[in-house]
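Colleague: In the working numbering, the protein residues as written are 1 to 308.
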Amino acid sequence: MNKTALILLAGVFAGTLSAETNWNKWGRPAGSTVKGEKVSFAAPSGKRTELLKQVPMEKDNFYRISFDLDFTASAPVEIKYGFSEPAKLPYSFVACKVSNGKISPVVYSYAQENLSPFFRLYYTAPEETKGVFANPKFEKVPAEALKKVVVPENGTVVSNWSQPGWMKNSLKVELVDAADHIDKGKAVKITAPESFYSKRPASLQSSSLPLLPDTDYRVSAWVKGNGIGTGMIGVNSWYDNKSKHYYNSGSISVSAEWTQVEFKFRTPSLTEHPQLARRVTHGSIGFRPTAQLNEFQFKDFTLERIEK
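1. To the nearest angstrom, how far is the alpha carbon of asparagine 236 from that of alanine 111?
2. Return the chain-ordered list of same chain residues with a C-beta closer than 6 angstroms to the C-beta of isoleucine 65, the five sequence neighbours on each side being excluded.
3. Can you tell me where the beta strand (DSSP E) with lysine 224 in it begins and where it stops?
4. Distance, Cα to Cα, serine 159 vs histidine 282?
5. Residues in the same chain with beta-carbon distance under 7 angstroms from lysine 244, minus the five sequence neighbours each way, listed in chain order, please.
6. Rounded to the nearest angstrom, what separates arginine 266 and arginine 305 at their Cα positions?
7. Please classify serine 104 as buried or exposed, where buried requires at least 16 other C-beta atoms within 10 Å of its C-beta.
8. Drop a sphere of 10 angstroms on the beta-carbon of glycine 27, count the other beta-carbons inside from all chains shown, and report buried for 16 or more, exposed for fewer.
9. If contact is defined by three or more beta carbon pairs under 8 angstroms, each pair taking one atom from either stretch, is the region 134-154 in contact with the region 79-89?
10. Examine chain D for any beta-carbon lying closer than 8 angstroms to the beta-carbon of aspartate 180, and answer yes or no.
11. Can you list, in chain order, the residues of its chain whose CB lies under 7 angstroms from that of serine 45, leaving out five sequence neighbours each side?
12. Please work out which residues of its chain come closer than 6 angstroms, Cβ to Cβ, to tryptophan 222, disregarding the five sequence neighbours upstream and downstream, and give them in chain order.
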(Lines of atoms letter the chains of each structure in order from A and count residues from 1; the text may use other names and numbers.)
(Lines give C-alpha, C1' and ligand atoms only; values in the text may rest on other atoms or scores of the structure.)
Protein backbone atom coordinates (compact mmCIF):
# COMPACT_ATOMS: atom_id res chain seq x y z
CA MET A 1 0.00 0.00 0.00
CA ASN A 2 1.44 3.40 -0.96
CA LYS A 3 1.98 6.38 1.30
CA THR A 4 -1.03 8.31 -0.06
CA ALA A 5 -3.39 5.41 0.65
CA LEU A 6 -2.06 5.06 4.20
CA ILE A 7 -2.67 8.72 4.91
CA LEU A 8 -6.18 8.60 3.49
CA LEU A 9 -7.06 5.54 5.58
CA ALA A 10 -6.32 7.57 8.72
CA GLY A 11 -9.46 9.55 8.00
CA VAL A 12 -11.94 6.68 8.29
CA PHE A 13 -12.12 6.80 12.06
CA ALA A 14 -14.72 9.21 13.44
CA GLY A 15 -13.71 11.59 16.20
CA THR A 16 -15.55 13.76 18.66
CA LEU A 17 -15.33 17.47 17.93
CA SER A 18 -13.01 19.26 20.34
CA ALA A 19 -11.44 22.68 20.62
CA GLU A 20 -8.40 21.45 18.70
CA THR A 21 -8.54 19.50 15.46
CA ASN A 22 -7.17 15.97 15.66
CA TRP A 23 -5.51 15.80 12.27
CA ASN A 24 -4.79 12.09 12.78
CA LYS A 25 -8.52 11.56 12.12
CA TRP A 26 -8.23 13.20 8.71
CA GLY A 27 -7.23 11.83 5.36
CA ARG A 28 -4.76 14.36 3.96
CA PRO A 29 -2.62 14.81 0.83
CA ALA A 30 0.74 13.02 1.02
CA GLY A 31 3.48 15.35 2.18
CA SER A 32 1.11 17.78 3.91
CA THR A 33 2.30 19.44 7.11
CA VAL A 34 0.33 20.34 10.24
CA LYS A 35 0.75 23.40 12.42
CA GLY A 36 -1.95 24.04 14.99
CA GLU A 37 -5.31 24.35 13.22
CA LYS A 38 -3.76 24.47 9.75
CA VAL A 39 -2.69 21.91 7.16
CA SER A 40 -0.39 23.12 4.38
CA PHE A 41 -0.19 21.07 1.20
CA ALA A 42 1.10 21.10 -2.36
CA ALA A 43 -0.87 19.36 -5.09
CA PRO A 44 0.57 18.19 -8.41
CA SER A 45 -1.10 19.13 -11.67
CA GLY A 46 -3.66 16.79 -13.16
CA LYS A 47 -4.14 14.66 -10.03
CA ARG A 48 -7.04 14.65 -7.60
CA THR A 49 -6.24 16.25 -4.24
CA GLU A 50 -8.48 15.36 -1.32
CA LEU A 51 -9.04 15.91 2.40
CA LEU A 52 -11.64 13.81 4.20
CA LYS A 53 -13.03 12.90 7.60
CA GLN A 54 -15.89 10.75 8.86
CA VAL A 55 -18.39 12.73 10.92
CA PRO A 56 -20.95 11.10 13.24
CA MET A 57 -24.34 12.85 13.10
CA GLU A 58 -27.24 12.28 15.48
CA LYS A 59 -30.88 12.05 14.39
CA ASP A 60 -33.03 15.21 14.59
CA ASN A 61 -30.12 17.61 14.94
CA PHE A 62 -28.79 20.53 12.91
CA TYR A 63 -25.09 20.74 12.08
CA ARG A 64 -23.03 23.78 11.10
CA ILE A 65 -19.99 22.98 8.95
CA SER A 66 -17.26 25.55 8.33
CA PHE A 67 -13.62 25.77 7.27
CA ASP A 68 -11.05 28.08 5.68
CA LEU A 69 -9.17 27.27 2.49
CA ASP A 70 -6.48 29.62 1.22
CA PHE A 71 -4.72 29.10 -2.11
CA THR A 72 -1.40 30.83 -1.75
CA ALA A 73 -0.28 30.26 -5.35
CA SER A 74 -2.36 29.33 -8.40
CA ALA A 75 -5.84 28.00 -7.60
CA PRO A 76 -8.01 25.34 -9.25
CA VAL A 77 -11.01 26.51 -11.24
CA GLU A 78 -13.39 24.65 -8.94
CA ILE A 79 -13.42 22.70 -5.69
CA LYS A 80 -16.09 20.30 -4.43
CA TYR A 81 -16.86 19.73 -0.77
CA GLY A 82 -19.51 18.28 1.48
CA PHE A 83 -20.96 14.99 2.71
CA SER A 84 -21.00 11.76 0.77
CA GLU A 85 -24.75 11.19 1.26
CA PRO A 86 -26.38 14.15 -0.54
CA ALA A 87 -29.71 12.29 -0.83
CA LYS A 88 -29.96 12.17 2.96
CA LEU A 89 -28.24 15.51 3.54
CA PRO A 90 -29.44 17.79 0.74
CA TYR A 91 -27.49 20.94 -0.12
CA SER A 92 -24.53 19.62 1.88
CA PHE A 93 -22.41 18.88 -1.22
CA VAL A 94 -21.20 21.98 -3.04
CA ALA A 95 -19.32 22.75 -6.25
CA CYS A 96 -17.60 26.09 -5.72
CA LYS A 97 -15.77 28.32 -8.20
CA VAL A 98 -12.55 29.59 -6.63
CA SER A 99 -9.60 31.85 -7.31
CA ASN A 100 -6.46 32.88 -5.50
CA GLY A 101 -7.36 33.93 -1.97
CA LYS A 102 -9.25 32.55 1.02
CA ILE A 103 -12.74 31.08 1.04
CA SER A 104 -14.58 30.57 4.35
CA PRO A 105 -17.78 28.57 3.67
CA VAL A 106 -20.48 28.00 6.28
CA VAL A 107 -23.18 25.41 5.49
CA TYR A 108 -25.99 23.83 7.51
CA SER A 109 -27.27 20.26 7.44
CA TYR A 110 -30.02 18.41 9.25
CA ALA A 111 -29.80 14.72 10.16
CA GLN A 112 -33.14 12.92 9.78
CA GLU A 113 -31.49 9.73 11.02
CA ASN A 114 -28.26 8.63 12.69
CA LEU A 115 -25.49 8.88 10.11
CA SER A 116 -21.72 8.69 9.80
CA PRO A 117 -21.04 10.29 6.42
CA PHE A 118 -17.65 11.28 5.08
CA PHE A 119 -16.92 14.96 4.65
CA ARG A 120 -14.79 15.38 1.54
CA LEU A 121 -13.03 18.32 -0.08
CA TYR A 122 -11.34 17.65 -3.40
CA TYR A 123 -10.26 19.11 -6.72
CA THR A 124 -8.09 18.50 -9.77
CA ALA A 125 -6.08 21.42 -11.12
CA PRO A 126 -4.34 21.85 -14.51
CA GLU A 127 -1.18 23.09 -12.75
CA GLU A 128 0.50 22.68 -9.38
CA THR A 129 -1.33 24.37 -6.50
CA LYS A 130 -0.38 25.20 -2.93
CA GLY A 131 -2.96 25.66 -0.23
CA VAL A 132 -3.72 25.93 3.48
CA PHE A 133 -6.79 24.17 4.90
CA ALA A 134 -7.68 25.43 8.38
CA ASN A 135 -10.19 25.59 11.23
CA PRO A 136 -12.58 22.79 10.18
CA LYS A 137 -15.62 22.62 12.47
CA PHE A 138 -18.59 20.24 12.58
CA GLU A 139 -20.87 21.68 15.24
CA LYS A 140 -24.13 20.18 16.46
CA VAL A 141 -26.48 23.13 16.90
CA PRO A 142 -29.90 23.04 18.61
CA ALA A 143 -32.78 24.54 16.64
CA GLU A 144 -33.26 27.19 19.35
CA ALA A 145 -29.77 28.51 18.65
CA LEU A 146 -30.68 29.07 14.99
CA LYS A 147 -33.40 31.66 15.40
CA LYS A 148 -31.26 34.16 13.50
CA VAL A 149 -28.70 33.13 10.88
CA VAL A 150 -26.53 35.60 8.97
CA VAL A 151 -24.72 34.46 5.82
CA PRO A 152 -21.11 35.54 6.46
CA GLU A 153 -18.38 36.62 4.06
CA ASN A 154 -15.18 36.26 6.05
CA GLY A 155 -12.82 35.27 3.23
CA THR A 156 -11.13 37.33 0.54
CA VAL A 157 -13.26 35.85 -2.28
CA VAL A 158 -16.99 35.00 -2.37
CA SER A 159 -17.53 31.89 -0.22
CA ASN A 160 -21.24 31.40 0.43
CA TRP A 161 -23.03 32.47 -2.75
CA SER A 162 -23.24 30.89 -6.19
CA GLN A 163 -25.08 31.30 -9.48
CA PRO A 164 -27.98 28.93 -10.19
CA GLY A 165 -27.06 26.40 -12.85
CA TRP A 166 -29.36 27.86 -15.49
CA MET A 167 -27.34 31.12 -15.48
CA LYS A 168 -24.26 29.24 -16.70
CA ASN A 169 -21.96 31.57 -14.75
CA SER A 170 -22.98 34.53 -16.91
CA LEU A 171 -22.71 36.99 -14.02
CA LYS A 172 -19.57 38.58 -12.62
CA VAL A 173 -19.63 37.94 -8.86
CA GLU A 174 -17.00 39.35 -6.53
CA LEU A 175 -16.36 40.37 -2.93
CA VAL A 176 -15.79 44.12 -2.48
CA ASP A 177 -15.19 46.55 0.37
CA ALA A 178 -18.37 48.19 1.66
CA ALA A 179 -16.51 51.29 2.82
CA ASP A 180 -19.59 53.49 2.37
CA HIS A 181 -21.80 51.25 4.56
CA ILE A 182 -22.35 52.23 8.19
CA ASP A 183 -20.86 48.91 9.34
CA LYS A 184 -18.07 48.82 6.69
CA GLY A 185 -17.06 45.19 6.10
CA LYS A 186 -17.52 43.27 2.85
CA ALA A 187 -20.33 43.08 0.29
CA VAL A 188 -21.10 40.71 -2.57
CA LYS A 189 -21.26 42.52 -5.91
CA ILE A 190 -23.11 41.24 -8.99
CA THR A 191 -22.50 42.71 -12.44
CA ALA A 192 -24.93 41.60 -15.16
CA PRO A 193 -24.10 41.49 -18.90
CA GLU A 194 -26.23 43.36 -21.42
CA SER A 195 -27.95 40.13 -22.42
CA PHE A 196 -29.80 40.25 -19.08
CA TYR A 197 -31.19 43.77 -19.53
CA SER A 198 -34.98 43.80 -19.06
CA LYS A 199 -35.13 40.08 -19.87
CA ARG A 200 -34.24 37.98 -16.84
CA PRO A 201 -33.29 38.45 -13.18
CA ALA A 202 -29.68 38.29 -12.05
CA SER A 203 -29.72 36.36 -8.78
CA LEU A 204 -27.56 34.24 -6.51
CA GLN A 205 -28.33 31.42 -4.10
CA SER A 206 -26.69 31.05 -0.72
CA SER A 207 -25.10 28.05 0.93
CA SER A 208 -27.62 25.96 2.87
CA LEU A 209 -29.59 27.55 5.71
CA PRO A 210 -31.81 26.02 8.41
CA LEU A 211 -35.56 26.27 7.72
CA LEU A 212 -38.43 24.86 9.79
CA PRO A 213 -41.92 24.03 8.48
CA ASP A 214 -45.00 25.92 9.70
CA THR A 215 -42.91 28.83 11.00
CA ASP A 216 -42.90 32.62 10.52
CA TYR A 217 -39.71 34.11 9.07
CA ARG A 218 -38.15 37.40 8.10
CA VAL A 219 -35.41 37.50 5.47
CA SER A 220 -33.44 40.76 5.20
CA ALA A 221 -30.29 42.30 3.73
CA TRP A 222 -28.62 45.61 2.99
CA VAL A 223 -28.65 46.38 -0.76
CA LYS A 224 -27.55 49.07 -3.21
CA GLY A 225 -27.08 49.45 -6.95
CA ASN A 226 -25.47 51.76 -9.46
CA GLY A 227 -28.92 53.10 -10.29
CA ILE A 228 -32.60 52.76 -9.46
CA GLY A 229 -34.62 49.61 -10.03
CA THR A 230 -36.09 46.53 -8.40
CA GLY A 231 -34.87 43.24 -7.05
CA MET A 232 -36.03 40.24 -5.07
CA ILE A 233 -35.20 38.45 -1.81
CA GLY A 234 -36.39 35.15 -0.35
CA VAL A 235 -35.72 31.43 -0.04
CA ASN A 236 -35.65 28.60 -2.56
CA SER A 237 -35.96 24.93 -1.58
CA TRP A 238 -35.73 23.09 -4.88
CA TYR A 239 -34.43 19.52 -4.33
CA ASP A 240 -35.16 17.51 -7.43
CA ASN A 241 -37.82 16.94 -10.07
CA LYS A 242 -39.54 14.37 -7.85
CA SER A 243 -40.20 16.78 -4.98
CA LYS A 244 -42.72 19.60 -4.79
CA HIS A 245 -40.79 22.84 -5.20
CA TYR A 246 -41.07 25.30 -2.29
CA TYR A 247 -39.92 28.87 -2.76
CA ASN A 248 -41.02 32.25 -1.45
CA SER A 249 -39.76 35.70 -2.35
CA GLY A 250 -40.73 39.34 -2.34
CA SER A 251 -39.93 42.37 -4.46
CA ILE A 252 -37.49 44.99 -3.15
CA SER A 253 -36.52 48.50 -4.22
CA VAL A 254 -32.92 49.22 -5.23
CA SER A 255 -31.24 52.63 -5.24
CA ALA A 256 -27.73 54.06 -5.29
CA GLU A 257 -27.73 54.28 -1.47
CA TRP A 258 -27.48 51.43 1.03
CA THR A 259 -30.98 50.41 2.09
CA GLN A 260 -32.09 47.63 4.42
CA VAL A 261 -34.82 45.52 2.83
CA GLU A 262 -36.90 42.65 4.20
CA PHE A 263 -39.56 40.13 3.28
CA LYS A 264 -41.78 38.21 5.71
CA PHE A 265 -43.31 34.83 5.03
CA ARG A 266 -44.60 31.69 6.71
CA THR A 267 -43.42 28.25 5.69
CA PRO A 268 -46.13 25.67 4.91
CA SER A 269 -46.82 22.55 6.94
CA LEU A 270 -45.22 19.19 6.21
CA THR A 271 -48.58 18.01 4.93
CA GLU A 272 -48.47 20.63 2.17
CA HIS A 273 -44.72 20.39 1.50
CA PRO A 274 -43.29 17.08 2.81
CA GLN A 275 -39.80 17.92 1.54
CA LEU A 276 -39.48 20.60 4.24
CA ALA A 277 -38.78 17.71 6.62
CA ARG A 278 -35.21 18.11 5.32
CA ARG A 279 -35.16 21.46 7.16
CA VAL A 280 -32.67 23.24 4.91
CA THR A 281 -33.04 25.78 2.13
CA HIS A 282 -31.10 28.28 0.03
CA GLY A 283 -31.31 32.02 0.51
CA SER A 284 -32.01 33.89 -2.72
CA ILE A 285 -31.31 37.51 -3.67
CA GLY A 286 -30.86 39.48 -6.88
CA PHE A 287 -32.06 42.28 -9.12
CA ARG A 288 -33.60 42.99 -12.51
CA PRO A 289 -30.84 44.41 -14.72
CA THR A 290 -31.50 47.35 -17.04
CA ALA A 291 -29.33 49.82 -18.89
CA GLN A 292 -29.68 52.06 -15.81
CA LEU A 293 -29.01 49.30 -13.23
CA ASN A 294 -26.45 46.64 -14.10
CA GLU A 295 -24.56 46.45 -10.79
CA PHE A 296 -25.98 45.30 -7.47
CA GLN A 297 -24.38 44.89 -4.06
CA PHE A 298 -25.68 43.24 -0.90
CA LYS A 299 -24.44 42.32 2.57
CA ASP A 300 -25.64 40.80 5.86
CA PHE A 301 -28.24 38.48 4.32
CA THR A 302 -30.21 37.26 7.36
CA LEU A 303 -32.87 34.59 7.89
CA GLU A 304 -34.68 35.10 11.19
CA ARG A 305 -37.55 33.34 12.89
CA ILE A 306 -40.34 35.67 14.02
CA GLU A 307 -41.48 34.87 17.52
CA LYS A 308 -45.15 35.43 18.27
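For glycine and all other residues, C-beta sits at the position ideal for the given N, C-alpha and C.
Modeller: Let me lay it out:
1. 20 angstroms
2. Val107, Phe138
3. 216-225
4. 14 angstroms
5. His273, Gln275
6. 10 angstroms
7. buried
8. buried
9. no
10. In the structure shown, chain D does not exist; there is a single protein chain.
11. Ala125, Pro126, Glu127, Glu128
12. Trp258, Gln260, Lys299, Asp300
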